[in-house]
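To start, the structure under review is shown below, and the notes come after it.
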Amino acid sequence: MDRLTSMQIFVRVVEKGGFSAAAEEARISPTMVGKHVRQLEEQLGVRLLNRTTRRQSLTEIGQLYFERCKQALLEIEAADASVKQMQLLPRGVLRVTAPATFGGQMLAAVVRAYLERYPDVELDLSLNDRVVDLVEEGFEVAIRIGALPDSTLVARPLQPYRALVCAAPEYLARCGTPQTPQQLRDHNCMSFVHGNHYNRWRFSKDGVEQEVEVHGNFRANNGLALRTAALNGIGIIMQPEALLCGEIAAGRLRRLLVGYELEHRAMHIVVASNRKMTPKLTSFIEFVVEHFGRDAGSFTAPD
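Start counting the sequence shown at 85; every next residue gets the next number (this note's numbering).
Following this line, the structure appears as structure tokens:
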């Protein structure tokens, strides 16, 4: 017989004052109640109850065991309740991975609102521009930019990850404002170094696409470095809206070539298909979709 069940029956016998009352509450026979108590006594090698034809009473050891059993059963009940609570409310550590620029500039800016809404959740955010293996590296959810060739992922679409062309008012006052992509050839364009195509910027207008080869005296493999250089009036940059929207809203950078569409890439929030959808995970996905989903409007500057 199950040791835990026997302990529960023993506690009922003591609290109810006899085998019959304990049997009625547990909905088993008095004979079965007796078997549970005898099993405990045999396993412990002691007598827990003094039995007479009229009543049962605890031995000295039985009294100690009864008190310890009650405490153990309360601890087990509390443990069960905490697990059930975790299944109902978002709580625990949630490991998230996101691209460096989006995660650092946009996602981190709204984290406070999520944590205030769900105070029992702890977010562990890892910023990385490489494609992270969610299962192997132990992440529960990721933000992905670009195509999703991995069919083992379950994805929710977010706003497209758009790029903007910007420069500081100081630079434009000194060097002029380009009106067409082709005029960028006459400007100091600072590029993001990625492979061998860092100096090719693509635009489209009225269905017509064009690629412009730009040049400049500064380039970097980090968007923050390019933004800082642009703020200092060095030249023109093309970087993600997530990185530039705050500076544009503050007037420190000015958006250029507004009538032209620049390259944009799909963005999704993804989980592994075999990942259990816990309340903390579901709540975070819904929160991200609320702030960055297709119906959430364009990116806004973090406060």
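Think of the CB as a built atom: it goes at the ideal place given N, C-alpha and C, for glycine as much as any other residue.
Cβ-based burial, residue i [other Cβ within 10 Å; buried from 16]
i      : result
ASN172 : Here residue 172 turns out to be Leu, not Asn, going by the sequence shown. LEU172 comes out exposed.
GLN294 : exposed
LYS364 : buried
LEU128 : exposed
PRO203 : exposed
SER382 : Since pLDDT at SER382 reaches only 48, below the 50 mark, its modelled position is unreliable, and no value is offered.
VAL342 : exposed
GLU144 : exposed
GLN266 : exposed
VAL205 : buried
GLY187 : buried
Min CB distance residue i to chain C below 9 Å
i      : result
GLN140 : Absent from the structure is chain C; it holds one protein chain and no more.
Residue range of the beta strand (DSSP E) that includes residue i
i      : result
LEU308 : Unbroken run through LEU308 is the alpha helix (DSSP H), 307-315; no beta strand (DSSP E).
PRO324 : 320-324
ARG179 : 176-182
LEU133 : 133-135
GLN140 : 140-142
LEU340 : 338-340
VAL355 : 351-356
ALA293 : The residue you asked about is not Ala; residue 293 is Glu in the sequence shown. 292-297 is the span of the beta strand (DSSP E), which, as asked, contains GLU293.
ALA226 : 225-229
Separation of residue j from residue i, as counted between CA atoms
i      : j      : result
VAL167 : VAL355 : 23 Å
VAL219 : VAL130 : 51 Å
LYS119 : ILE160 : 23 Å
PRO386 : PRO324 : Confidence at PRO386 is low in this model, with a pLDDT of 43, below 50, so the placement of that residue is unreliable and no value is reported for it.
VAL151 : ARG111 : Inspection of the sequence shows that residue 151 is occupied by Glu rather than by Val. Cα to Cα, the separation comes out at about 23 Å.
ARG349 : ALA231 : 8 Å
ALA226 : CYS329 : 23 Å
PRO241 : LEU88  : 49 Å
ILE318 : ILE229 : 29 Å
ALA257 : LYS289 : 26 Å
PHE376 : MET351 : 10 Å
LEU124 : GLU221 : 46 Å
ALA106 : ARG201 : 46 Å
THR384 : GLU370 : Annotation note: pLDDT 47 at THR384 (below 50); position unreliable, no value reported.
THR264 : MET274 : 17 Å
VAL215 : ALA334 : 33 Å
TYR344 : TRP285 : 12 Å
VAL117 : LEU158 : 21 Å
ASN306 : PHE287 : 22 Å
LEU67  : THR362 : Because the chain in this structure spans residues 85 to 387, residue 67 falls outside the shown range and cannot be described.
ALA247 : ASP270 : 21 Å
PHE302 : ALA182 : 27 Å
ALA309 : GLU224 : 30 Å
ASN283 : GLY300 : 9 Å
ALA313 : PHE276 : 12 Å
GLN92  : ASN134 : 18 Å
Contact check, residue i vs residue j, beta carbons under 9 Å
i      : j      : result
VAL238 : SER210 : no
ASN272 : TYR255 : yes
SER367 : PRO174 : yes
GLU331 : LEU315 : yes
PHE94  : LEU132 : yes
ALA252 : ARG338 : yes
VAL249 : LEU268 : yes
ALA326 : GLN189 : yes
VAL372 : LEU178 : no
GLN140 : GLY102 : yes
ILE321 : ARG311 : yes
ASP213 : ALA184 : yes
VAL195 : LEU142 : no
ARG96  : GLU109 : yes
LEU340 : THR261 : yes
Residue i: first and last residue of the uninterrupted alpha helix (DSSP H) it sits in
i      : result
HIS375 : 363-376
ILE93  : 87-100
ARG122 : 114-128
GLU108 : 103-110
Just list the alpha helix (DSSP H) runs in the segment 232-287, keeping only unbroken ones of 4 residues or longer that don't cross its boundaries, in chain order.
The segment 232-287 contains these whole alpha helix (DSSP H) runs: 253-259.
Entirely within the segment 188-219 and at least 4 residues each: give me those alpha helix (DSSP H) ranges in chain order.
Within the segment 188-219, the complete alpha helix (DSSP H) segments of 4 residues or longer fall at 192-201, listed in chain order.
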